[in-house]
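Line by line, the protein sequences give chains A and B. The first sequence maps to residues 1 to 239 in our numbering. The second sequence maps to residues 1001 to 1253 in our numbering. A short worksheet on the structure shown next.
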Amino acid sequence: MNCEQCQELISVYLDSELENKVRVEIQMHLAMCAECAKVCEDFAMILDFCDLEESEYAPPPNPKALWCRINNLIETEVAPEILKEAEIRAEQKRRRWQFSFSQVFASILGIALFSSLMTLIVIKNFSAPIDVSANTAPSLFDRALGKVGLIETPKQTRENRVKGQQAAIDYWNKRVEAKRANWNANLREGFDRNLNEINQVVFEYDQILQQNPNDDLSGEMLDSALNEKMELLREFAEL
Amino acid sequence: MNWDSRKTSALKKATILFFSVVFFFASFAAVSAQKKFTKNYPASKNVRLQLTNRTGTVTVEGWDKAEISISAYLEAPAANIEPQSLSGTIVVNLVKDNQGRNEVGNVNFLIRVPYSSSVDIETRMGNLNVSDVRGGLVRAHISSEGDITLTNIAAENVAAENVIGDIFFDGTIAESGSYRFTSTRGNINLRIPFNSSFRLVATAPSTRNISLGDFASGMRFVSDGRRVVGQAGDGSATIAVTNQRGSISFIRR
């Protein structure tokens, strides 16, 4: 028998559950091998200790009754505190819904103002007729709403739109740059000529809008020119 | 006539003859360098033609036959042409068929379609001509430069767009129709019947050159004369014309 086999069987050996032949072989191995003898000794000590602990910490005779007593004790100590807390909360709740006349009046006024403001914003943004011919400056009210960020001013709307268009233009421009080397000279020249034409238009409207940001027609034309530029780039990027 | 003058005259004749021969062969070489593609398709009355060209002139004519005839003249280096007939639509897409190919030459089309066809043509560069078409749609789109000429058109929806080049429309305005003409630089001329009824928004912001001719009644200039808005008749159709840096003219048909 080797050490490995011996150590595998030590626990069964200590429980005295081995056949005589194997038990004798183990005893002989333990007599010769100090290492396995030490392992066997340790195992035996652990088993002895377990037996001892089991007897020392034996469960009480009626554990269910004991838990019941502990539970009752806890409930009698905690219940008055819970009741007290519940009473405090109820009192706070009562106080919270007691308002003075001035508080009620201020609240009503606030709600009325807020709903009027929201109605005006909705009317302004969704119901106003679109007069394409108009070249109107935003009213004082519109400017005030724009300042506090409740509505977008025409300038902000335009700037946001231009930003989006410019991003698309940059994307298609990169695609065109990658492909234009394959075009013939005639196509390249034609493309550049047309792009230049649109760029001039964009520049013109940009200048006009810097001088007069409320010129809706120029804003519309700038939008149209940027769309044309985007289309030109996109369609030539396909080639 | 002395000997010197005779000699000069003979030399002149010889030079002219030489250049004539050279010109003849050069022309022949140019013609023979072109390839021709022809194909006919049987078509129903309301067939739709959808053509996307790279560069070159496209001419579409209506005719009294129930078929579509496509003739293409291909300059070298020749492009691939693979027309497809897809459930009532004839599709020719030279951009898709030649994608990534270097140096494709011009392709000039002459296409004949039944009168009642819808025509949707576009090209990246070159002229577009459509005549005698009375279908639901006529759309002519040039991505960059080229003239658009639409003659004898009776379609409910018409759109013509280019960047640099003239646009000419000669046709009728259908009730509840939609007509849109857009250019960046060029002249837009619209020739329509006097009794047409439509709502108009015409914008020429740079030139302010909007000539209404006999259609001035019921129209007004707005935005410092850069735009004309108004109505003619009951105004059931809509006409939108935008020319960023050119003129707009209405002519009585």
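Just so you know, even glycine gets a beta-carbon here, dropped at the ideal spot from N, CA and C. Just so you know, these numbers come straight off a predicted model, no measurement behind them.
Between the CA atoms of residue j and residue i - distance to the nearest angstrom
{"i": "Asn186 of chain A", "j": "Glu231 of chain A", "result": "20 Å"}
{"i": "Asn160 of chain A", "j": "Ala225 of chain A", "result": "16 Å"}
{"i": "Ala168 of chain A", "j": "Ala1232 of chain B", "result": "39 Å"}
{"i": "Asp1170 of chain B", "j": "Asn1129 of chain B", "result": "12 Å"}
{"i": "Ile82 of chain A", "j": "Pro63 of chain A", "result": "28 Å"}
{"i": "Thr1123 of chain B", "j": "Ala144 of chain A", "result": "49 Å"}
{"i": "Asp223 of chain A", "j": "Gly1165 of chain B", "result": "21 Å"}
{"i": "Asp15 of chain A", "j": "Ala44 of chain A", "result": "10 Å"}
{"i": "Ser1236 of chain B", "j": "Arg1180 of chain B", "result": "15 Å"}
{"i": "Val1138 of chain B", "j": "Arg1101 of chain B", "result": "30 Å"}
{"i": "Arg1252 of chain B", "j": "Leu1200 of chain B", "result": "15 Å"}
{"i": "Asn1320 of chain B", "j": "Met1125 of chain B", "result": "Given that chain B is displayed from residue 1001 to residue 1253, the structure contains no residue 1320 of chain B and the question cannot be resolved."}
{"i": "Leu150 of chain A", "j": "Asn212 of chain A", "result": "23 Å"}
{"i": "Gly219 of chain A", "j": "Thr1089 of chain B", "result": "39 Å"}
{"i": "Leu1094 of chain B", "j": "Arg193 of chain A", "result": "23 Å"}
{"i": "Glu77 of chain A", "j": "Ala90 of chain A", "result": "22 Å"}
{"i": "Asn2 of chain A", "j": "Glu19 of chain A", "result": "18 Å"}
{"i": "Gly1225 of chain B", "j": "Ser1183 of chain B", "result": "18 Å"}
{"i": "Pro172 of chain A", "j": "Ala1202 of chain B", "result": "Inspection of the sequence shows that residue 172 of chain A is occupied by Trp rather than by Pro. Using only the alpha carbons, I get a separation of about 30 Å."}
{"i": "Ile130 of chain A", "j": "Val202 of chain A", "result": "For Ile130 of chain A, the pLDDT reaches just 43, beneath the cut-off of 50, and the residue's location in the model is therefore unreliable, although a value from the coordinates is still provided. The alpha-carbon atoms of Ile130 of chain A and Val202 of chain A are separated by roughly 24 Å."}
{"i": "Trp67 of chain A", "j": "Ile74 of chain A", "result": "11 Å"}
{"i": "Ile1016 of chain B", "j": "Thr1008 of chain B", "result": "12 Å"}
{"i": "Ile123 of chain A", "j": "Ala237 of chain A", "result": "43 Å"}
{"i": "Gly1218 of chain B", "j": "Val1228 of chain B", "result": "10 Å"}
{"i": "Ala1078 of chain B", "j": "Thr1038 of chain B", "result": "14 Å"}
{"i": "Asp170 of chain A", "j": "Ile1148 of chain B", "result": "29 Å"}
{"i": "Val1119 of chain B", "j": "Ala1066 of chain B", "result": "15 Å"}
{"i": "Met1054 of chain B", "j": "Ala1159 of chain B", "result": "Note that residue 1054 of chain B corresponds to Arg in the displayed sequence, not to Met. Rounded to whole angstroms, Arg1054 of chain B to Ala1159 of chain B spans 19 Å at the Cα level."}
{"i": "Glu85 of chain A", "j": "Gln98 of chain A", "result": "21 Å"}
{"i": "Tyr1041 of chain B", "j": "Phe191 of chain A", "result": "34 Å"}
Distance between beta carbons of residue j and residue i, contact taken as under 8 Å
{"i": "Asn1243 of chain B", "j": "Ile1188 of chain B", "result": "5 Å"}
{"i": "Glu228 of chain A", "j": "Val1163 of chain B", "result": "7 Å"}
{"i": "Gly1135 of chain B", "j": "Asn1046 of chain B", "result": "6 Å"}
{"i": "Asn1106 of chain B", "j": "Ser1131 of chain B", "result": "Asn1106 of chain B to Ser1131 of chain B, Cβ: 21 Å. No contact."}
Buried or exposed (CB count within 10 angstroms, at least 16 for buried), residue i
{"i": "Ala1174 of chain B", "result": "buried"}
{"i": "Lys174 of chain A", "result": "exposed"}
{"i": "Phe1250 of chain B", "result": "buried"}
{"i": "Val104 of chain A", "result": "exposed"}
{"i": "Val1104 of chain B", "result": "buried"}
{"i": "Ala181 of chain A", "result": "exposed"}
{"i": "Ala128 of chain A", "result": "Confidence is the limiting factor: at Ala128 of chain A the pLDDT is only 46, short of 50, which leaves the residue's position unreliable, though a coordinate-based value still follows. Exposed, by the Cβ-count rule."}
{"i": "Met28 of chain A", "result": "exposed"}
{"i": "Met118 of chain A", "result": "exposed"}
Contact with chain E by residue i, beta-carbon distance below 8 Å
{"i": "Ile1164 of chain B", "result": "Absence of chain E from the displayed structure is noted, the protein chains being A and B."}
- Selection of the stretch 178–192 of chain A by Cβ proximity to chain B, strictly under 7 Å: Answer set for the stretch 178–192 of chain A: Asn182, Asn184, Leu187, Gly190, Phe191.
- Enumerate, from N- to C-terminal direction, the unbroken beta strand (DSSP E) stretches of 3 or more residues contained entirely within the stretch 1160–1196 of chain B. Counting only runs of 3 or more, we get 1167–1171, 1178–1183, 1187–1192.
- Taking Cβ-Cβ distances below 9 Å as the criterion, which residues of the stretch 1088–1106 of chain B are in contact with chain A? Those would be Val1095, Lys1096, Asn1098, Gln1099, Gly1100, Arg1101, Asn1102, Glu1103, Val1104, Gly1105, Asn1106, in chain order.
- Query: When Cβ atoms are compared, which residues of the stretch 1229–1243 of chain B fall closer than 9 Å to chain A?
  - Reply: For the stretch 1229–1243 of chain B, the beta-carbon criterion of a distance under 9 Å to any beta-carbon of chain A is satisfied by Val1229, Thr1242.
- Task: Run through the stretch 1057–1116 of chain B for me and flag every whole alpha helix (DSSP H) of 4 or more residues, listed as ranges in chain order.
- Result: The qualifying runs are 1094–1097.
- Name, going along the chain, the residues of the stretch 1113–1146 of chain B whose beta-carbon falls closer than 7 Å to a beta-carbon of chain A. Hits within the stretch, in order: Arg1124, Met1125, Ser1143, Ser1144, Glu1145.
- Message: List, from N- to C-terminal side, the alpha helix (DSSP H) runs of 4 residues or more that fit wholly inside the stretch 31–100 of chain A.
- Response: Those alpha helix (DSSP H) runs which fall completely within the stretch 31–100 of chain A and span 4+ residues are 34–56, 63–96.
- Where the stretch 1198–1230 of chain B meets chain A: residues whose CB sits under 7 Å from a CB there: Cβ contacts with chain A come from Val1201, Pro1205, Val1222, Ser1223, Arg1226, Arg1227, Val1229.
- If you measure beta-carbon to beta-carbon, which residues of the stretch 1173–1196 of chain B are closer than 7 Å to chain A? Residues Thr1184, Arg1185.
- Using a Cβ-Cβ cut-off of less than 7 Å, give me the residues of the stretch 1049–1067 of chain B that come near chain A, in sequence order. With the criterion set as a beta carbon lying under 7 Å from some beta carbon of chain A, the members of the stretch 1049–1067 of chain B are Arg1054, Thr1055, in sequence order.
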